[in-house]
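**Student:** First residue of the sequence shown? That's 18 in our numbering, and the numbers climb one at a time after it. In this text, a Cβ means the ideal position worked out from N, Cα and C, and glycines have one as well. Here the structure is a predicted model, which is why all the values come from computation and not from measurement. What follows is a structure written as structure tokens; I'll ask about it next.
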Amino acid sequence: MVKTGVLDWVKGDDGVFRRQWTRAEIRKTSARRYQLYVDNGTGELVARGSAVTSVDKAKSQSLVMPLTLAERCDLYKQAFPTWVAPWIDHNRINGMWMIGADYRNKSKLYGAYPNGYLKRVESMVPDLMSGNVLHLFAGSLPPGDYIRVDAMRDDQRDPDVQCDAQALPAHWTGRFDLIFADPPYSKEDATEYGHPMPHRYTVIKECARVLKPGGWLIWLDTQWPMHAKVTLPLVGQIGLVRSTQHRVRLISMFERTAAAAP
Ligand SMILES: C[S@@+](CC[C@H](N)C(=O)[O-])C[C@H]1O[C@@H](n2cnc3c(N)ncnc32)[C@H](O)[C@@H]1O
């Protein structure tokens with residue numbers, strides 16, 4: 018039987034999520050294809066593909082495989098079983114979230130994250146959350162197990178690093194597993210924040226520079242921002258509706274490839 022859905026995800030002592038199989042066995046079916054069986058008495062086939070050809074049997078006991086996009090959707094479904102879950106179409110995550118006008122977010126900052134937004138996206142990326150996380154355009158986000166970057170500091174905004182998202186620190190190259198970004202959506206918005214409207218593509222190029230290969234950028238905006246498909250292809254998009262008379266937003270998810278940054 019081919020097992021689908023989320024397998025045994027276990028958070029290790031090092032904080033990294035891994036699928037743990039005891040004595041998994043890789044059988045090559047051709048020079049470039051493999052099948053992975055779990056030796057748990059059932060002879061169950063759990064994966065097949067072409068990506069892990071170099072992994073030998075000894076290493077298969079602690080084989081680390083990234084979560085698939087479908088598994089990420091399943092994780093959301095498990096966390097929020099009564100809400101419409103994202104789905105896979107054309108090898109991407111697709112979805113539409115009706116988040117509701119919930120005013121429990123105590124932030125007084127104009128444009129603060131709608132309540133529940135972060136919990137929803139975080140549920141899909143537990144593996145990346147256990148690595149280095151960056152919040153760009155962090156605004157009023159409270160301190161946490163992440164680095165907050167914002168250009169401004171005042172009674173609402175207290176970033177860990179105060180800098181322009183268009184020019185992140187040089188030594189951050191290849192550092193982050195996950196970036197959340199919530200930029201101003203327009204020049205009018207930027208005026209509210211007291212800082213000129215950033216050039217989206219410049220910020221996105223900086224994100225590609227500071228992400229590790231396999232790392233994700235989750236960008237909330239009212240548009241699909243321009244991105245380089247070689248370094249930062251789109252892996253998902255989810256529409257975000259708050260309530261009547263609110264702007265409709267789009268969550269775009271990008272995955273950093275191993276290609277060199279331009
Ligand atoms: C939409 S708000 C983010 C709100 C945040 N999600 C929250 O929950 O509070 C955008 C933030 O981007 C910051 N910002 C604007 N231009 C910036 C830039 N070039 N670099 C870094 N931060 C910038 C603003 O100061 C503002 O706090």
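1. Report the CB separation of residue 183 from residue 215 in whole angstroms; it is logged as a contact under 8 Å.
2. Between 144, 212, 249, 202, which lies nearest to residue 223 when the distance is taken from Cα to Cα?
3. Considering only residues of the segment 86-154, which uninterrupted beta strand (DSSP E) runs meet the minimum length of 3 residues and lie entirely inside it, listed in chain order?
4. Taking the alpha carbon of residue 254 as the point to measure from, which residue in 111, 89, 85, 93 has its own alpha carbon closest?
5. Please state whether DSSP places residue 217 in a helix, a strand or coil.
6. In angstroms, rounded to a whole number, what distance separates the CA positions of residue 190 and residue 94?
7. Going by DSSP, what residues sit across from residue 254 in a beta bridge?
8. Comparing alpha-carbon positions, which option in 137, 269, 212 lies nearest residue 115?
9. Taking C-beta to C-beta, are residue 195 and residue 257 nearer than 8 Å?
10. Straight-line CA distance for residue 107 to residue 172?
11. I'd like to confirm something about residue 193: is its beta-carbon nearer than 7 Å to some heavy atom of ligand 1, or not?
12. To the nearest angstrom, how far is the alpha carbon of residue 262 from that of residue 30?
13. Comparing the CB of residue 158 with every heavy atom of ligand 1, is any distance shorter than 7 Å?
14. Let me check understanding here. Comparing Cα to Cα, which of 243, 143, 132, 153 lies closest to residue 201?
15. Can you list, in chain order, the residues of its chain with a C-beta nearer than 8 Å to that of residue 206? Leave out the 5 residues immediately preceding and following it.
**Tutor:** Inspection of the coordinates gives the following:
1. 5 Å
2. 249
3. 104-106, 109-115, 150-153
4. 111
5. helix
6. 34 Å
7. 111, 269
8. 137
9. no
10. 44 Å
11. no
12. 46 Å
13. yes
14. 153
15. 127, 128, 214
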